[in-house]
Amino acid sequence: MLFLGLLLLLFLIPLALIRGLVEEREGYRRAAEDEVIGQWGGEQTLAGPFLVVPYVSRQQDEKERVVESTEAAFFLPEELEVRVEAIPQKRRRGIYEVTLYTAELHLTGAFRAPSPAAFAAWRVAPRDVRWEEAYLALELPSPRGLADRVHLAWSQGGRMEEADFQAGSALLRVFEGSAEAGGIRAPLAGARDGGRFTLDLRLKGGRSLSFLPLGEQTRVRMSSAWPAPRFSGAFLPASRELLSSGFQAEWYVVSLSRGYPQAWRQGEVQAEALEASRFGVDLMVPVDTYQKVLRSVKYGILFVLLPFLVFFLFEVFSGRKVHAMQYLLVGFAECLFYLLLLSVSEHLGFGPTYLLAALATVGLIAFYAGFALGDRRRGLLLAPVLAASYAFLYAALQSEDYALLIGSLGLFVILAGVMILTRRVDWYRPGARSAGAD
210 MLFLGLLLLL FLIPLALIRG LVEEREGYRR AAEDEVIGQW GGEQTLAGPF LVVPYVSRQQ
270 DEKERVVEST EAAFFLPEEL EVRVEAIPQK RRRGIYEVTL YTAELHLTGA FRAPSPAAFA
330 AWRVAPRDVR WEEAYLALEL PSPRGLADRV HLAWSQGGRM EEADFQAGSA LLRVFEGSAE
390 AGGIRAPLAG ARDGGRFTLD LRLKGGRSLS FLPLGEQTRV RMSSAWPAPR FSGAFLPASR
450 ELLSSGFQAE WYVVSLSRGY PQAWRQGEVQ AEALEASRFG VDLMVPVDTY QKVLRSVKYG
510 ILFVLLPFLV FFLFEVFSGR KVHAMQYLLV GFAECLFYLL LLSVSEHLGF GPTYLLAALA
570 TVGLIAFYAG FALGDRRRGL LLAPVLAASY AFLYAALQSE DYALLIGSLG LFVILAGVMI
630 LTRRVDWYRP GARSAGAD
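So in the working numbering, the last one in the sequence shown is 647, and the numbering has no gaps at all.
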């Protein structure tokens, strides 16, 4: 028994090496995914639209001279509604498959007329407000994701105003962590009186799509053919529908739950406060190949132990000795299963690879056990035990919600079987049987 314990400890080394290899290959896949997603547009978060009104600020310096500078006031929409259809697509980089999306967004909403009381509270005289330079702005962590021009339609009191968005600086600085962060802006002559807006944009990205709830009332309706969304951020959807063909979700957020006002001067609201209100969806793979392989390696010591137990029980009941080298070869065959699973699944997929690797490993160990145990029929008896254990592992890996339950029950069944089979063994004399009752 001590010998078996030492062997199990020994096999922790190759299992740890295989686990490190899985993590290394997953890192390669992640790097390829990051590169493709970055070139396509990155993880996108839409901040906007918001109204920017420049004004002249007058301050006295240390010599009591009046110094003028141009600053900006930000006004958020009273209503903001966003309709989104995210169309997923697959791209390949080497052997790795990457999920991207192109999102069609339709934004509508309304701005109140900026309050003169707000400028008065900021000690800005009416003559210092530059209404003619006002504009509507959007900010993104990577404007490179914009796939088409963005056109603004603005209406107020029966008057229509149209303009195309142009590249501009990121004044909100929401995405300070992104070197590519930037904004787009459209001049707005009718900003002084408020109005309604409509704009459409096509946005490319990958991995996630998020929004900032800048409206006093913000409503986002999203649909996609992606079957495995994960809703993330500060707010969960008010309603959602998950189907095998995709999902639909709707968020509704009011300004009271957001933590920043409807109007402020440049620098008064920190980027962290805006970032903290972000919400959206991650287009995730429920359990990808590397996660499944990594989870299977965690059961590795159990799969080394199982044939060892069978060999040991044959030794106990038959009196035939199994050499240490035979234990080692069987243990290495079990470790090789995980290496086959990792290398072949990168090309063939997890399910078919698991079946092939399990059949190969079970066949090899059963064939070898027939000779090691001195009877081919004993090797054939080992085959269904190993096959059942691999089937149990596959069921645990396929289940996201019940993996722990399946694993716990499986371990209990194995332990119960060993205890029942050895209930009459005299462990002081393993070749003998105790005189106790059944």
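Note that CB positions come from ideal geometry on N, CA and C, so glycine has one too.
C-alpha distance - residue i paired with residue j, whole-angstrom precision
i      : j      : result
Arg467 : Val245 : 33 Å
Trp435 : Pro297 : 6 Å
Arg301 : Ala482 : 37 Å
Leu219 : Arg430 : 55 Å
Arg411 : Gly391 : 16 Å
Gly583 : Arg529 : 8 Å
Ala646 : Tyr305 : The predicted model places Ala646 with a pLDDT of 47, which falls under 50 and marks its position as unreliable; any figure quoted below should be read in that light. Cα-Cα distance, rounded: 60 Å.
Tyr237 : Ala612 : 27 Å
Tyr461 : Pro422 : 9 Å
Arg585 : Leu595 : 16 Å
Leu492 : Leu380 : 29 Å
Gly367 : Leu397 : 16 Å
Val262 : Gly560 : 58 Å
Leu316 : Glu371 : 15 Å
Ser552 : Ala566 : 11 Å
Tyr344 : Ile615 : 59 Å
Phe576 : Arg587 : 10 Å
Asp409 : Arg353 : 16 Å
Asp635 : Val494 : 51 Å
Glu341 : Gln475 : 18 Å
Ala241 : Gly251 : 13 Å
Ala533 : Leu518 : 14 Å
Ser486 : Asp373 : 28 Å
Ser598 : Gly626 : 13 Å
Lys501 : His556 : 15 Å
Leu624 : Arg632 : 12 Å
Enclosing beta strand (DSSP E) for residue i [first to last residue]
i      : result
Val265 : 253–269
Arg411 : 404–415
Pro396 : 391–396
Arg302 : 288–302
Ser432 : 426–433
Ala319 : 305–320
Asp362 : According to the sequence displayed, residue 362 carries Ala and not Asp. Taken as a continuous stretch (DSSP letters only), the beta strand (DSSP E) holding Ala362 covers 360–365.
Leu606 : Note, Leu606: premise wrong, no beta strand (DSSP E); alpha helix (DSSP H) at 585–607.
Glu370 : 368–373
Ala400 : That residue, Ala400, is in no beta strand (DSSP E); it is neither H nor E in DSSP.
Leu381 : No beta strand (DSSP E) contains Leu381, which DSSP labels as neither H nor E.
Ala346 : 344–349
Neighbour-count burial assignment, residue i, 16 or more Cβ in a 10 Å radius
i      : result
Leu451 : exposed
Phe212 : exposed
Gln253 : buried
Thr279 : exposed
Tyr637 : exposed
Lys507 : exposed
Ile222 : exposed
Glu277 : exposed
Ser378 : exposed
Pro470 : exposed
Ile185 : Limits of the chain in this structure are 210 at one end and 647 at the other, which puts residue 185 out of reach.
Gly424 : buried
Lys299 : exposed
Gln365 : buried
Ser527 : exposed
Arg234 : buried
Span of the alpha helix (DSSP H) around residue i
i      : result
Ala569 : 559–581
Leu213 : 211–249
Arg332 : Looking at the DSSP string, Arg332 is not in any alpha helix (DSSP H), and its letter there is neither H nor E.
Val622 : 612–630
Any chain C beta carbon closer than 9 Å to residue i
i      : result
Ser432 : Looking at the structure shown, chain C is missing, and only one protein chain is on hand.
8 Å contact criterion, which residue i and residue j should meet: CB distance rounded
i      : j      : result
Thr311 : Ala356 : 6 Å
Arg394 : Ala346 : 5 Å
Ser419 : Phe456 : Not a contact, Cβ separation roughly 16 Å.
Pro323 : Phe259 : With a Cβ gap of about 12 Å, Pro323 and Phe259 do not count as contacting.
Val513 : Glu524 : About 17 Å separates the two Cβ atoms, so there is no contact after all.
Ala319 : Glu287 : 5 Å
Length at least 4, wholly inside the stretch 489–514: the alpha helix (DSSP H) runs in chain order
498–507
Kindly provide the ranges of any beta strand (DSSP E) runs that are 3 or more residues long and lie completely inside the stretch 436–499, ordered along the chain.
438–442, 448–452, 455–463, 472–474, 488–492
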